[in-house]
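Sequence order for the protein chains is W, F, B and S.
Just so you know, the first sequence maps onto residues 1 to 526 in this note's numbering.
Just so you know, the second sequence maps onto residues 1 to 343 in this note's numbering.
Just so you know, the third sequence maps onto residues 1 to 355 in this note's numbering.
Just so you know, the fourth sequence maps onto residues 1 to 318 in this note's numbering.
A virtual CB, placed ideally from N, CA and C, is assigned to each residue, including glycine.
These notes concern the structure reproduced below.
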Amino acid sequence: MQDAAALQGAPPTPYHEAGMDSTTPHVALEGVSRYFGGITALKDVDFQCRRGTIHAILGENGAGKSTLIKIMAGVLPPSEGRMLLDGRPVAFRSPAEARDAGIVCIFQELSLIPDLSVADNIFIDRPPRSLGLIDRRAQRRRSEELLARIDCEDVNPDTNVRDLSLSRRQMVEIAKAISKNPSVLILDEATSALTSRDVQTVYDLLGKLREDNVASLFISHRMHEVDALCDTLSVFRNGHHIETFGKGERTSGEIVRLMIGRDIEAQFPPKPAPVAGKSPALKVEALKWEDRLKGIDIEVAPGEILGLGGLDGQGHKELLLALFGVLKGVTGRIELGGRPYRPASPARAKRQPTSLALVPEDRKTEGLMLQLSIADNLLTPNYARVSTGPLIDRSRADTAIADAVTQLQIKVGDVTDKVETLSGGNQQKVVIAKWLIDDPDVILLNDPTRGIDVGTKQEIYRLMRQLADAGKAIVLYSTDYDELIGCCDRVSILYDGRVVAELDGERLTEENIVSASLNIPGGEAA
Amino acid sequence: MRDLILRNRAFAGALAMFLVLFLGYHALHPRGFSTAVFIQNANESVAIAFVAMAQTIPVLMGGLDLSVGAVMTLANCIASHLVTGSPVQMVLGMIVTLACGTAFGLMNGLIVVYGRIQPIIATLATGAIAIGLALIIRPSPGGEIDGDLNWAVTNAVFDFAETYGLADDGNAAWLQPFVNIPVPLIILLVIGFGVWIPFKRTVTGRTVYAIGSAESAAFMSGLPVRRAKIAAFTLAGFFASCGGLYLAIQTSSGNADVSQAGAYTLNSIAAVVLGGSSLLGGIGGAIGSLVGAGILRVISFYFRILSIDPLLQPLIEGLVLLVAVSLGALRTLRVKNRLELFR
Amino acid sequence: GPSVVDGPGVDPSCFAPWDASTKHFQWEAQEGPYRIAIVNGFVGNTWRIQMIKTAKAYAEDPAVKDKIAEFKVVSTGTDAPAQLGAIEDFINQGYDAIVTIAVSPDGFDRVIRLADRENVVLVPFDNVLDTDAVMQVNEDQLAMGRMWAEFALKELDAKGVSSGKILEVRGLPGNSVDRDRSIGINEVLAADDGTWEIVSVVGNWDDGTTQKVVADAIAVHGQFEAIIGQGGSNGVIQALTDAGHPWVPVAGESENGFRKAIAEHSDEGLKGISIGQSPGLVAVAMKAAISALEGNVMPQLISVPLPVATYEELEDGKNFWSDLPDNFFTVNEFPPCGVNVSGPAIMAQDETDVK
Amino acid sequence: MTPFARLSPENRPIAIAAIFVVVIVLFGTVYTLSTQGTAPMLSPGYLLQQLQIGSFLGICAAGMMVVILLGHIDLSVPWTLTAAAMMATTVGGPWAIPTGLAVGLLVGLLNGFGVAYLRIPSMIFTLGVDSVLRGLMVAHTGGFAPQTTASPLMRFLAADRIAGIPVAIFVWAGVSLVIAGILTRTGLGKAIYATGAKEGAAYLSGIRTRGVIVAAFVISALCASTAGVLLAGYSAKAYQGMGNAFLLPAIAAVVLGGTHILGGRGRYAGTLVGVILIVFLNSVLSIMQMPEAFRQIIYGVVIVGMLLVYGREGGSRT
Ligand SMILES: Nc1ncnc2c1ncn2[C@@H]1O[C@H](COP(=O)(O)OP(=O)(O)OP(=O)(O)O)[C@@H](O)[C@H]1O
Ligand SMILES: Nc1ncnc2c1ncn2[C@@H]1O[C@H](COP(=O)(O)OP(=O)(O)OP(=O)(O)O)[C@@H](O)[C@H]1O
Ligand SMILES: [Mg+2]
Ligand SMILES: [Mg+2]
């Protein structure tokens, strides 16, 4: 592994920022390392951040970003080194202590309580009180104010968080964070599921906070968000702090190279020319379910990648679950490989002659069994495939696992390690790989690159295209417009449980996606 | 919002079930709707209701306390030695009894938090310890609890006043609206509401719910997770010892009955479920469990007024319990997204 | 409540006072027929089931049928408040007499007070109360313990054995019956001039536990000269058989299986004595309740004679039944009381075809 | 504790429990040597006899483990065991054992149905089933005098010996092989772990999790009924309440063997060691004629103590 300076061919640019140089940084880490057993998550990191800036932290999956902010937020103690707040050493033993010092964090794995109401969640640890007891009315009123501040008037403070979509939850999480009047606000991939409208709200918010002299730390794998927003950028790789620089001092290409230690070629693999007249592998007509799907028509042919776009909560998730047999009471016509198909259960879906696979939304609860080994996870859908009678054939199982690991280049030490020891990107690969062993014909992907670094994303894009070329039909839902445009042969935009537009070729542009997503009449033509 | 209603629907359903059963019983009873029968009903329900409330708090946290019955028994045995003598001594005895039970709950909490042992197993073990201690304290049943206290506390307000010569021997005019209320009911409601409702509206209480709903999120949100866990088990110990203390006064004695302790623990879980709390945590409340305990008791009341073959009674009781808890399954049938089943 | 009066009471052959100092009660005579309830505690072992069946059968007995207007049985489990509640409920419902097996020897003060206030006759039997404020029916547990031990010593003496290990199998810990029987046993053994090492194990009165603990004890201690078991006697026999332990004198309960074994092996050395706490006690208690309601003078504590059978007295078809299951309790009748519901009659009610 | 640090989290409890078993046996030996001058605990005869009695618990625990791996629990074990034994002896003859096992099958299906299809928490559904079974057996015993004598085959399996070794131990070994085989070698076993670890994820992976749950409860009930049939054979008859002594020790054995009570983790070898630990602990306490009160306290302390020694749960705070 080259070090950063060698890579640049020049010593690292010293970090400077107009007018702020002389002040002590608000938060500073000195020589911080963090080990998990044998794993080094952070090594000898010096890091500073200042008030009144928005500071991006960039790096591949597993670079140590989350670990860094967990140390700052009191979730994890550092193994070595120390932390300074306004020049004074501090050692937080819990998130509560960090919060008392003004450091508030929105964690990657959200920290909302599903069975409590939005208002309860926003004021979870410091509710307004009267006579020592929680004042529910005041809490509700102040929640409404906060939600209004981030343009979320549509969220009722009395709703249970369980009933909110992921993007609404992220917004509630943001409301909760700002309710604490932080001096340091940390967002760890807190915008990963937000749609562009909400992202804009968050940008505005962060801008205002900057004016209020708050230090914001922003972790995201979406480069364009970082470009648009941040004053200062820090790149981490393999637990090392590689470099910190000001906005505009590096091109995106350079940043990516700093992050992954090499250049990457064009982000998306080229699309093949469309082949007409193939009979669809999956054909859906007038699919309805509850009040979420109101008559969906889509079809996708072998070799094709169909994108699903649109604002969050328009029925994408339900569509994929309905096809996979998870939902009850689905009506409409579905054909798989030309044969009628009635979804009943995932077990049935995967045993169809034209078989289905689903990479679900949340890999931690729906995709993986975190405490089981990588091997067991990979084999979960495939035991029938590697068994003779009731008994598992060990050698066949081992081959299948080895093949999957090589095919997806999953970075594993030992396949008997628990899957929770993998970084997020590699976990995601495990979810995809376990289905590839099953050799499905139609692959349903629910935002498979959420929270995945650029390098890994690119691998996944390449893999999707390879699978399509090998004759698979792919349905890809993504919140990332670039991804839809770059990857998909065609994109269907969903709005309120219906397909409102189908875009392909020339018409597959960000503008068209946005206007169709908002269901602006005629917008598609614009 | 929908979920909020659903949450209350479980409680409302429990309350409705209780009322139907309870009113039906009184309608069939030859002396239904009389003070004597209310007193009897209340007396019989206090201990199980306290133990059910005790069980609720760990359940809300997503755990189970298998020691509640044993702690009740332990408190019962302690009280049988201490609640005697002069009024001051008796009050002191009661305080010590409650303190012991609470301390035992605290110990449960400390083991769960600092030993990082799953509550169900930790309390399975500490429950055995509590029973062992109870057997040492009271190798064979007995005790000399004050007879007046027994009579005063297990009757209506009037008898209480009369026994202790309060309010003009219970004849004071201002007391008249209350004279027919059973004292055990008052004790139950005062302690139940007086402790639970405030607790629920503290950050610690809310944290108990949060832990049951999503523990790591609770921790990340800066909630006092450890403190809440310890508080939950401590409060469970307190409620369980209230049950034990009442039992001691009610029976004027202590009895380290192992099978009774086990039965109370299991019934407390059934009461919690009948009362609409989720064993997965995060949903429900102690007041629901109070109602759940009532349901459990009323079911058995029916055997006393209906003519049912005595040898079929256990079967019928089992079936009714099974059907009652299965009513919760109706919710499952309505679920349209199967992923919601897997919480 | 009852007034305390001078004895003697009615029908002393059936309602024998416990001892000379036993006081006597008399209730105001009430018009029959009566409403009688039985409040059982735990249900789920053979003894209790046999007891309930006996109660039901006795209520149908021509001698008392006309005196009973309504008869109800409930089992409340090992839950003191539930049992107290059931008793109180029946008092509230206006029942005339309540027969009960107490789940605890204490704690009935309140219901006794209520029963007295409402003139309800409360009759605990079997597991009785530590009080002299109610009329109770029981066998003398202390005497039973003594008799077991005396028998064992007599048989050992006859064999010429004067030292060795004696195994005592105890019942449910914390129960007063267990305590009294054990006191009786140990009193006699201690007073004997032989040198006995007493090994004591806890069998909970149930066959399985008893079998296990006896088997363990044999494995550890090798051989016993005699075994005195409070209950679960079938388990004692089974453990001896399985371990190939030589037959020795065994004192035990009145299970049919135990008596079968004694009858079969007494020649080989299984000198046995079988004394039982009879499920038929319930009938005596019911009869006592009715008698009290009729205004008769009743002893406060009624002693039911111990139904003893030694190996010399066993007779198939009379005090044991070789063709019936092991589990039921043989002694069920009390002829002086006119309680003639026999064990086989109870346990084979519908069984004519099964046999 | 340091030598254990290198063991995997699954194996650590097993090793520690095994060492504790040895400690118990040694302690018992020292005790008997000092009080009676003999060392029965070291004699093969005594050990075999203890294991023979332990085999009933062992078989119950094997089934219980499968259910616990799912994160569920089977509280109906006591009366499943009793009902199987009572029905087996009632029918008698060659059909005794099949009848007993059929009872287990039915109970397992019922439990599985309630938990998997109605989605009632197992803690409460199996409790209800237990009391229904108790009610059925009370009614059964009270209806007419059912036959309670074990059939000769039941006697043979539970009480006889082959080459000096109790047949019951062979039965236990057989059950152990089957369960261990299912857990490690079959898709069903893997599906049990997967479902226990995260049912939603397992379901979305195409595992029929409801079927898996039913299967696990059937296995548990079959084990309980096997134990019931054997126990009736050992006692030569069936009786009310014969299962009461097995529930908590079975759960304790599973947990002491390192199986996680919330499911997804655990090895069968651990359960085996856990059973042996409990059996020998009982033996020593019996030999010492320990009063019930102290027994209870010792059980509690041993469970808490062992779990503390096993160490804290994995790093994550979940
Ligand atoms: N609790 C833990 N136990 C073991 N290893 C851990 C733990 N937490 C983090 N790691 C390891 O530390 C390294 C850094 O993880 P970290 O979460 O900081 O990465 P990240 O930069 O946030 O990645 P991502 O972009 O995927 O969120 C990874 O290799 C990870 O495997
Ligand atoms: N209990 C644990 N044991 C071992 N490793 C852990 C544990 N918890 C977390 N990790 C490691 O921490 C790393 C970071 O986890 P984190 O929770 O930040 O999400 P992530 O997996 O990095 O998500 P993503 O990359 O999709 O953003 C993971 O890669 C994982 O390897
Ligand atoms: Mg991260
Ligand atoms: Mg991440």
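- Any Cβ of chain F closer than 7 Å to the Cβ of W/Arg351 would place that residue at the interface, and such an atom is absent.
- Using a Cβ-Cβ cut-off of 7 Å, F/Phe303 counts as an interface residue toward chain B, since at least one Cβ of chain B sits closer than that to its own.
- The CB of W/Asp376 comes closer than 9 Å to the CB of Lys190, Tyr193, Ala194, Ala197 in chain S, given here in chain order.
- In the three-state DSSP reduction, B/Glu168 falls in the strand class (E or B).
- In the three-state reduction of the DSSP assignment, B/Tyr95 falls in the coil class.
- According to DSSP, W/Val27 shares a beta bridge with W/Cys49, W/Leu85.
- Relative to ligand 1, even the nearest heavy atom lies 6 Å or more away from the CB of B/Phe42.
- Taking F/Gly282 as reference, the option from F/Gly13, F/Leu135, F/Leu23, F/Leu60 with the minimal CA-CA separation is F/Leu60.
- For F/Ala217, same chain residues with a beta-carbon under 8 Å away, outside a window of 5 residues either side, are Ala210 in chain order.
- Residue nearest to S/Met288 within the set S/Asn11, S/Thr35, S/Leu101 is S/Thr35 (criterion: CA-CA distance).
- For the pair W/Ser33 and W/Met259, the Cα-to-Cα distance works out to about 19 Å.
- When C-beta atoms of the region 240–249 of chain W are compared with those of the region 209–225 of chain W, fewer than three pairs fall below 8 Å, so the two segments do not count as touching.
- Chain order gives the chain F residues near W/Leu327 as Lys336, Asn337, Arg338, where near means a beta carbon separation below 8 Å.
- Where W/His55 is concerned, the enclosing beta strand (DSSP E) starts and stops at 54–59.
- Taking C-beta separations shorter than 6 Å and ignoring five residues to either side along the sequence, the partners of W/Ser192 in its chain run Arg450, Gly451, following chain order.
- For B/Ala57, the enclosing alpha helix (DSSP H) stretches over residues 46–59.
- If you check the C-beta of W/Gly424 against ligand 1, you find a heavy atom less than 6 Å away.
- With contacts defined as CB atoms closer than 7 Å, S/Ala293 and F/Leu341 fail to qualify as a contacting pair.
- Taking C-alpha positions only, S/Leu48 is separated from S/Val167 by approximately 10 Å.
- When DSSP states are grouped into helix, strand and coil, B/Pro325 belongs to the coil group.
- In this structure, W/Ala349 keeps its C-beta atom at 7 Å or more from the C-beta atom of W/Pro440.
- Along the region 248–273 of chain S, the positions whose C-beta sits under 8 Å from a C-beta of chain W are Gly264, Arg265, read in chain order.
- Residues are counted here when their Cβ sits less than 9 Å from a Cβ of chain S; for the region 283–312 of chain B the count is zero.
- With a threshold of 6 Å, the Cβ atom of B/Ser176 does not count as near ligand 1, since no heavy atom of the ligand is closer than that.
- For F/Ser80, the enclosing alpha helix (DSSP H) begins and ends at 68–82.
- The C-beta of W/Ser279 has fewer than 16 other C-beta atoms within 10 Å across all chains shown, which makes the residue exposed.
- Taking C-beta atoms as the reference points, B/Gln211 and B/Gln238 count as a pair closer than 7 Å.
- Residues of chain F whose Cβ lies closer than 7 Å to the Cβ of S/Ala293 are, in chain order, Gly132, Leu135, Ile136.
- The continuous alpha helix (DSSP H) containing B/Leu293 extends over residues 281–293.
- Pairing W/Leu76 with F/Gly222, the inter-Cα distance amounts to about 13 Å.
- Taking 7 Å as the threshold, the shortest C-beta distance from W/Ala347 to chain S falls below it.
- A distance criterion of 6 Å places the beta-carbon of W/Ser373 beyond contact range of ligand 1, judged by its closest non-hydrogen atom.
- DSSP places B/Gly338 outside any beta strand (DSSP E), giving it a letter other than H or E.
- Rounded to the nearest whole angstrom, the CA to CA distance from S/Ala139 to F/Pro314 is 8 Å.
- Within the region 105–118 of chain B, Pro105, Asp106, Gly107, Phe108, Asp109, Arg110, Arg113, Leu114 place their CB atoms closer than 9 Å to a CB of chain F, listed in sequence order.
- When 9 Å is used as the limit between beta carbons, F/Val273 is near these residues of chain S: Ile120, Pro121, Met123, Ile124, in chain order.
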